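J.: Sharing a structure below in C-alpha cells format, with a few things to ask.
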C-alpha cells in the first residue's frame, strides 16, 4: 500500500531519520517524489549476494565489465537526486555508454535485476529503465515464484520469457554468458544459473 505524505516537515523528518539510521540505501526518488522501499528480508539479501558472486565470476573476472550490488541509476545530467532508481544488482559492460558519476550512473546498465518484495514497485520501473537504455531486466518474483526476463526492443523493455518450477523454462541472456531457470528446492524454489560454456553451474 502506498502512503502519500503531504506535510513537508514530517517528510523531512522521516527522510532525515532514515538517512541517520542507514535505512535509506534502497529508497528512490521518482520525478521528485520520495519513495520508501521495503527493507529486504533474508532471502532477498541472499539472492543479491549470490547473484553478485556469480556475475562477478562470469563478467568481472572475465574482463567483460563490472558488477554492483545496487547503484543509483539516473536519467538526469544535472540534479540527479530528483529522479533515480536503485536496482538490486547491476552489470555494466566495458562498452556501456552510461557515465559513472561516482555518486550515480547517468544512463542505464546492461543488466539490472530486481528482486520483488512485499508492496514492491519493480514493474512500475520498466518505463524508466527503458528510457535509460537498460538492455535487459530480470525480475525475481516470490509470490508466486517466477523469473521474468525483459529485453530492450525498439526502445521498450519487452518480456521475452518466464520461468517457474512447473514449466522449467530456461531464460538465456544476450548480455551476460548465463542461462537461468527456477528449479525445485528443499524449502523453496532455487535459481539455477548455467554458464554458456556448459561446464559451470550454480544454484541459489
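Residue numbers (this note's numbering): 257 to 460.
Ideal Cβ placement from N, Cα and C applies to all residues, glycine included.
None of these values were measured; they are calculated from a predicted model.
1) Which ranges would you report for the beta strand (DSSP E) in the region 289-346 if only whole runs of at least 3 residues count?
2) Could you tell me which residues DSSP puts in a beta bridge with residue 447?
3) Sorted by chain position, which residues of the same chain lie with C-beta nearer than 7 Å to residue 340's C-beta, five sequence neighbours on each side aside?
4) Go through its chain and collect everything with a Cβ distance to residue 279's Cβ below 6 Å, but skip five positions before and after it.
5) Can you find at least 3 beta carbon pairs, one from the region 342-354 and one from the region 366-380, that sit closer than 8 Å?
6) By the 10 Å Cβ neighbour count, where 16 or more other Cβ atoms means buried, how is residue 424 classified, buried or exposed?
7) Going by the DSSP bridge assignment, what does residue 283 pair with across the sheet?
8) With a CB to CB cut of under 7 Å and the five nearest residues on each side skipped, what residues in its chain are close to residue 316?
9) Give the single residue among 412, 342 and 416 whose Cα lies nearest to the Cα of residue 290.
10) State yes or no: is the C-beta of residue 396 within less than 9 Å of the C-beta of residue 406?
11) Please name the residue or residues paired with residue 414 in a DSSP beta bridge.
12) Taking DSSP as the reference, what is the three-state secondary structure of residue 419?
13) Distance, Cα to Cα, residue 292 vs residue 326?
14) One question on the structure: do residue 421 and residue 439 come within less than 9 Å of each other, judged by their Cβ atoms?
15) Which of the three DSSP states is assigned to residue 379 in this structure?
16) So, helix, strand or coil for residue 269, using DSSP?
17) Assign residue 386 to one of three DSSP states: helix, strand, or coil.
18) To the nearest angstrom, how far is it from the Cα of residue 419 to the Cα of residue 356?
19) Between which residues of its own chain and residue 459 is the CB-CB distance below 6 Å, once the five residues before and five after are set aside?
T.: Working from what's here:
1) 289-291 and 321-324
2) Residue pairing by DSSP places residue 447 opposite 438 in a beta bridge.
3) 284, 285, 328, 329, 330 and 360
4) Unreliable placement is indicated for residue 279, whose pLDDT of 49 sits below 50; no coordinate value is reported for it.
5) yes
6) exposed
7) Per DSSP, none; premise fails for residue 283.
8) 322 and 323
9) 342
10) no
11) 407
12) strand
13) Spanning the two alpha carbons is a distance of roughly 16 Å.
14) A contact, by the Cβ cut-off of 9 Å.
15) helix
16) Looking at residue 269 - three-state DSSP - the assignment turns out to be helix.
17) The DSSP-derived three-state label of residue 386 is helix.
18) One C-alpha to the other measures close to 33 Å.
19) The answer, listed in chain order, is 446 and 448.
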